[in-house]
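Residue numbers (the UniProt record's numbering), protein chains in the order written: chain C, 1 to 551; chain Z, 1 to 551.
From the three backbone atoms N, C-alpha and C, an ideal C-beta is built for every residue, glycine too.
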């Protein structure tokens, strides 16, 4: 079963010049599809590694992934692909010949080609080597709660990220960051060779949230901070919690599993095009929109964790399964950004599964599933709703509720931005972290293990990633509000377990849109008529928790 | 995570000439290892397809496998690999510089390189296209029990196999077949361009059983036929069967599963380096010796099927897990042949699990596992042994016992050899099949569905494959006899469930030997001091079943 696309020799630019736009585009997509198949394989191998793989296979799996990455990189940076993209760039008649999805494929593949070709192989290798050492150091440091053991690796990560950004700026793939940097240099009277990292965060952010501007992020986050810090303080001062004994205690894992499968299927997860399994850290991955692999985890004495994890990942999975079928296997069918992806998981987790209509429908099923839990039988949907919506400031981001979660993200955003742009030093991180934790959530961090060492992101160079969690929740509120306005009686539908109406609206308005637009903000604007706006999110949280806590 | 081996430009032959043998060998193995990683990935994808994959992913998985096959083929036929092999072939000092395993790696990779490069791409594509159409036609034909619907596809398979053999003969990768062909032409007074397919079966056989001679196969098979046909007739004439009610009836699948996992682990399957799951057709595959994936299947009312399947696949898995660690990821560590692989599954399935010592140990565990089966509690190991060793001629190969199984294989061997070499026509197959079934097993085939259409092999061009099943059983008997002579009190060990002593002997004497030798017969000779010999096998079957059936 040979594929011809790879064996064809690169055509000369003269030969390409005589071909039609359509022919060039078809040759391009044949290559993009092969690349997509390899990416799908990599996704499957990674799922298997987390869910199925026996422990001794770790080294051989790493070898396989590394060889595969090498093959992908070869294909991604091949001169054949480069010549096709170059020739297409020359053509004046592109938009006459191609539709907007096809144009987006050219835009996206050109960007990836540039990004993959502009980094020197040595830097990529150094990066991979650093990551594996750095993760080990972080694990050790966290175990001993000793930031100093991780600090040198964090410094190396910052250095390598700065080098990457510098190459990208030179290569012309992050214009927004370059502009910010030039402006800063000018205002500070610095030359091109002087050290100045202003704008670097913008570049890193765009690795995860393409097209989104850092200064808009600052506006959104500062509004959230201004409104949520007092809201959290008010809830804390109330010193009251609803009874949540009926989400705790003994919940048989097998029965939880059945229940999770039932609910995710009812929400719209297509089990003929995906699987739900168990892993230590829940995630959604897989090989293709027809082959989505999601995981959750169950705790015997906490019902909320398993079902919430399942519904969150179901949101991600619906996005994946709902991707554009006409442009399958090409870049335009891929998710627009991490933030938009997160909006789909959070929309189902928070807007739906933390709502009263959802529990009106679901609670009777739950009582049926756990007939032995006598305490459950008399509970009302309102009580279950209150139990699920408990707000309690804590040290750990991944355990946070929807009100305090943004503060965890904003704290990280402020620190990582300052770090990359040179406003603070690595050694400043723990003290700054603890001060902000005190200011935003009123908590005293006594150990770095539950402070600045809790997350793995920085250990693998994921700086610019954290904001997408909270962008996701802002997107989610705004998208859900639009859906509610567009779908008559949505709440009534949800209260009857009629989820497809919402799923289909999201399929059409979000999932099938893929990467057609250049940023999540553009998608939101086209969808809602407004730019992304934190005020709706603040109002949602304030109204909801004022009622729950009787503030 | 870039790999450097693939990005390196091909060196000129002058440059290579100045390098040491060791350096050339190291460059070769770096490439062989990358190829092996891709093969491992393909193995994992195929396991996933049978065991985990959701149904709608069939098309995307086919795309992924096809792209991967293309990448492997590119790598396998690259000029870099070709130049390295060519340069190594020139060197006079190879055996002074390299050890026998390393020399085997050169021999094996040269052979694969030749085989992969000598077929024209068009033929490979035509073959893949034929296979997918042919399988569909076979499924239809079997459903309707109508051979004529499959016949044209079988003819196409024969034609394409003949073309492949002709290319291989020209390319010098099947010398034995070429010699037979030349001799036949000479004796028939034919020129080089006359049609003559003598020796073609030899070439096909060697795709699965390298180095094994077809004329030796004929001798072995004719001896088996001569001895087993009367043995089978004698058993049939006896018209007696031992009670096997205690392997039938209700065996809870969950409990069977636990039992299978327990036994396979006790035999020596390393669950940290592999998995046991369920699939429609049991198989052993996976990604690496550290990542072996085997499957079985359970039937609620037949205990024998599940446990036998598990033990058979455990035998295959022990071979895979036991492969040479020093030469991991290179060709010499791979299994020598399909027949030798099958010998390992059959040794455990028949020599061990169909023996009295095994049931002496296992029956008490079985009684414990199924305490509700009162009928089991009084059964003796002897009775269980008799029940498991029932002989009953039947139409279906995969359901056959060890006495009648060889006749199914010999029948197919005789037909497929005659077909490929032009002694019969496709249209002759059903009548010939039915006549042989009558002659060897005394059965009247009334429907092609349970006759010549029962197996999928011919539909995907697997001609030359069937003999390896029976070669496997002859190897198994001879290897087990040698193990028994080498291991003091082996039967006593097995009767106490002490399986590691046998497993470790096989690890050392078979598994770690890999593809060091050029044929299974060479391995047998080095191991036992004798060539492969059907008389031991005949004696084993005759003695065993004379006792069981009191002949």
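Measure the beta-carbon distance from residue 317 of chain Z to residue 269 of chain Z and round it to whole angstroms, keeping in mind my assumption that it falls under 8 Å.
As a first step, residue 317 of chain Z is located in the second chain; it is residue number 317 there, counting from the start. As a first step, residue 269 of chain Z is located in the second chain; it is residue number 269 there, counting from the start. Correct: roughly 5 Å between the Cβ atoms.
Span of the beta strand (DSSP E) around residue 557 of chain Z:
Missing from the structure shown is residue 557 of chain Z; chain Z here goes from 1 to 551 and no further.
Once DSSP output is grouped into helix, strand and coil, what is the label at residue 278 of chain Z?
Sequence index remark: in the second chain, residue 278 of chain Z carries index 278 (1-based). Reduced to three states, the DSSP call for residue 278 of chain Z is strand.
Contact residues within the segment 476-488 of chain C, judged by C-beta distance below 7 Å to chain Z
Against chain Z - using a Cβ distance shorter than 7 Å - the segment 476-488 of chain C contributes no residues.
Checking 8 Å against the spacing of the C-beta atoms, do residue 534 of chain C and residue 334 of chain C come in under that value?
As a working mapping, residue 534 of chain C is identified with position 534 in the first chain. As a working mapping, residue 334 of chain C is identified with position 334 in the first chain. Taking 8 Å as the Cβ cut-off, residue 534 of chain C and residue 334 of chain C do not qualify as a contacting pair.
Considering only DSSP beta bridges, list what residue 288 of chain Z is partnered with.
Translated into the one-based positions of the second chain, residue 288 of chain Z becomes position 288. DSSP lists Z/291 as partners of residue 288 of chain Z.
Assuming contact is defined by CB atoms lying nearer than 8 Å, are residue 310 of chain Z and residue 264 of chain Z in contact in what I supplied?
Within the second chain, numbered from 1, the residue matching residue 310 of chain Z stands at position 310. Within the second chain, numbered from 1, the residue matching residue 264 of chain Z stands at position 264. Yes, they are a contact pair.
Three-state secondary structure (DSSP) of residue 330 of chain C
Reading the first chain from its first residue, position 330 is the one you call residue 330 of chain C. If DSSP states are grouped into helix, strand and coil, residue 330 of chain C belongs with coil.
Which residue's Cα is closest to the Cα of residue 506 of chain C: C/192, C/315 and C/56?
Within the first chain, numbered from 1, the residue matching residue 506 of chain C stands at position 506. Minimum Cα distance to residue 506 of chain C is reached at C/315.
Could you say if the segment 218-237 of chain C and the segment 435-451 of chain C meet the contact criterion of at least three C-beta pairs nearer than 8 Å?
The segment 218-237 of chain C, when compared against the segment 435-451 of chain C, does touch it at the 8 Å Cβ threshold.
Reference residue 276 of chain C, options C/306, C/480, C/112 and C/542, closest by Cα
Here residue 276 of chain C refers to the residue found at position 276 of the first chain. Here the closest residue by C-alpha is C/306.
For residue 392 of chain Z, the three-state DSSP class (helix, strand or coil):
Taking the second chain and counting its residues from 1, the one referred to as residue 392 of chain Z is at position 392. The answer is coil: DSSP assigns residue 392 of chain Z none of H, G, I, E or B.
Near-chain Z residues of the segment 22-50 of chain C (beta-carbon distance less than 8 Å), N- to C-terminal order
33, 34, 37, 38, 40, 41, 44, 45 and 48
With a threshold of 8 Å between beta carbons, is residue 163 of chain C in contact with chain Z?
Within the first chain, numbered from 1, the residue matching residue 163 of chain C stands at position 163. At a cut-off of 8 Å between beta-carbon atoms, residue 163 of chain C makes no contact with chain Z.
Residue 247 of chain Z and residue 302 of chain Z: beta carbons closer than 8 Å?
Within the second chain, residue 247 of chain Z is the residue found at index 247, counting from 1. Within the second chain, residue 302 of chain Z is the residue found at index 302, counting from 1. Yes, the pair counts as a contact, with Cβ atoms nearer than the cut-off.
Distance check for residue 206 of chain Z and residue 216 of chain Z, CA to CA, integer angstroms please.
As a first step, residue 216 of chain Z is located in the second chain; it is residue number 216 there, counting from the start. As a first step, residue 206 of chain Z is located in the second chain; it is residue number 206 there, counting from the start. So the two alpha carbons sit approximately 13 Å from each other.
Separation of residue 542 of chain Z from residue 231 of chain Z, as counted between CA atoms
Taking the first residue of the second chain as 1, we reach residue 231 of chain Z at position 231. Taking the first residue of the second chain as 1, we reach residue 542 of chain Z at position 542. If I take the Cα positions, the gap works out to 7 Å.
Under 8 Å between C-beta atoms of residue 572 of chain C and residue 523 of chain C
Nothing in the structure corresponds to residue 572 of chain C, since chain C is present only between 1 and 551.
Between the segment 353-370 of chain Z and the segment 320-335 of chain Z, are three or more C-beta pairs nearer than 8 Å?
no
To the nearest angstrom, report how far apart residue 404 of chain C and residue 14 of chain C are at their CA atoms.
Stepping through the first chain from its first residue, residue 404 of chain C is reached at position 404. Stepping through the first chain from its first residue, residue 14 of chain C is reached at position 14. Residue 404 of chain C and residue 14 of chain C: Cα-Cα distance of roughly 60 Å.
Looking at residue 313 of chain C: is its Cβ nearer than 8 Å to the Cβ of residue 289 of chain C?
In the first chain, counting from the first residue as 1, residue 313 of chain C sits at position 313. In the first chain, counting from the first residue as 1, residue 289 of chain C sits at position 289. No, they are not a contact pair.
Could you tell me whether the Cβ of residue 304 of chain C comes closer than 8 Å to any Cβ of chain Z?
Counting from one through the first chain, the residue named residue 304 of chain C turns up at place 304. No Cβ of chain Z is located within less than 8 Å of the beta carbon of residue 304 of chain C.
Thinking C-alpha only, which one of Z/193, Z/184 and Z/322 is nearest residue 511 of chain Z?
Position 511 of the second chain, counted from the first residue, corresponds to residue 511 of chain Z. Comparing Cα positions, the closest option is Z/322.
Is residue 275 of chain Z close to chain C? Criterion is C-beta to C-beta, closer than 8 Å.
For this step, residue 275 of chain Z is matched to residue 275 along the second chain. So yes, residue 275 of chain Z belongs to the interface.
With 16 other Cβ atoms within 10 Å as the buried cut-off, status of residue 214 of chain Z:
As a position in the second chain, residue 214 of chain Z is number 214, starting the count at 1. Result: buried.
So, are the CB atoms of residue 449 of chain C and residue 142 of chain C less than 8 Å apart?
Sequence index remark: in the first chain, residue 449 of chain C carries index 449 (1-based). Sequence index remark: in the first chain, residue 142 of chain C carries index 142 (1-based). Contact flag set, yes.
Listed by chain order, chain Z residues near residue 56 of chain C by CB distance under 7 Å:
On the first chain, position 56 is the one that residue 56 of chain C refers to. Going along chain Z in sequence order, the residues near residue 56 of chain C (Cβ under 7 Å) are 272, 273 and 290.
Under the three-state reduction of DSSP, which class applies to residue 302 of chain Z: helix, strand or coil?
Translated into positions along the second chain, residue 302 of chain Z becomes position 302. Residue 302 of chain Z falls in the strand class under three-state DSSP.
Near-chain Z residues of the segment 62-73 of chain C (beta-carbon distance less than 8 Å), N- to C-terminal order
63, 64, 65, 66, 67, 68, 69, 70, 71 and 73
Beta-carbon separation of residue 240 of chain C and residue 549 of chain C under 8 Å?
Within the first chain, residue 240 of chain C is the residue found at index 240, counting from 1. Within the first chain, residue 549 of chain C is the residue found at index 549, counting from 1. Yes. Within cutoff.
Go through its chain and collect everything with a Cβ distance to residue 1 of chain C's Cβ below 7 Å, but skip five positions before and after it.
Locating residue 1 of chain C in the first chain gives position 1, counting from the first residue. Model confidence at residue 1 of chain C stands at a pLDDT of 26, short of 50, so the residue's coordinates are unreliable; what they give is reported in the following sentence. Answer for residue 1 of chain C: no residue qualifies.
Measure the CB-CB distance between residue 299 of chain C and residue 278 of chain C and report whether it falls below 8 Å.
Position 299 of the first chain, counted from the first residue, corresponds to residue 299 of chain C. Position 278 of the first chain, counted from the first residue, corresponds to residue 278 of chain C. No Cβ-Cβ contact shorter than 8 Å links residue 299 of chain C with residue 278 of chain C.
Taking only the alpha-carbon atoms, compute the straight-line gap between residue 4 of chain Z and residue 196 of chain C and give it to the nearest angstrom.
Start at 1 with the first residue of the second chain, and residue 4 of chain Z comes out as number 4. Start at 1 with the first residue of the first chain, and residue 196 of chain C comes out as number 196. Caution applies to residue 4 of chain Z, whose pLDDT of 36 falls short of 50 and renders its modelled position unreliable; the value that the coordinates give is listed next. Distance between the alpha carbons of residue 4 of chain Z and residue 196 of chain C is about 34 Å.
Residue 169 of chain C and residue 159 of chain C - do their beta-carbons sit closer together than 8 Å?
Numbered from 1 along the first chain, position 159 holds the residue referred to as residue 159 of chain C. Numbered from 1 along the first chain, position 169 holds the residue referred to as residue 169 of chain C. Not in contact: residue 159 of chain C and residue 169 of chain C (Cβ atoms no closer than 8 Å).
Would you report the Cα separation of residue 499 of chain C and residue 266 of chain C, rounded to the nearest angstrom?
Position 499 of the first chain, counted from the start, is the residue given in the question as residue 499 of chain C. Position 266 of the first chain, counted from the start, is the residue given in the question as residue 266 of chain C. Residue 499 of chain C and residue 266 of chain C: Cα-Cα distance of roughly 7 Å.
Is residue 17 of chain Z helix, strand or coil by DSSP?
For the purposes of this step, residue 17 of chain Z is taken as the residue at position 17 of the second chain. Correct three-state label for residue 17 of chain Z: helix.
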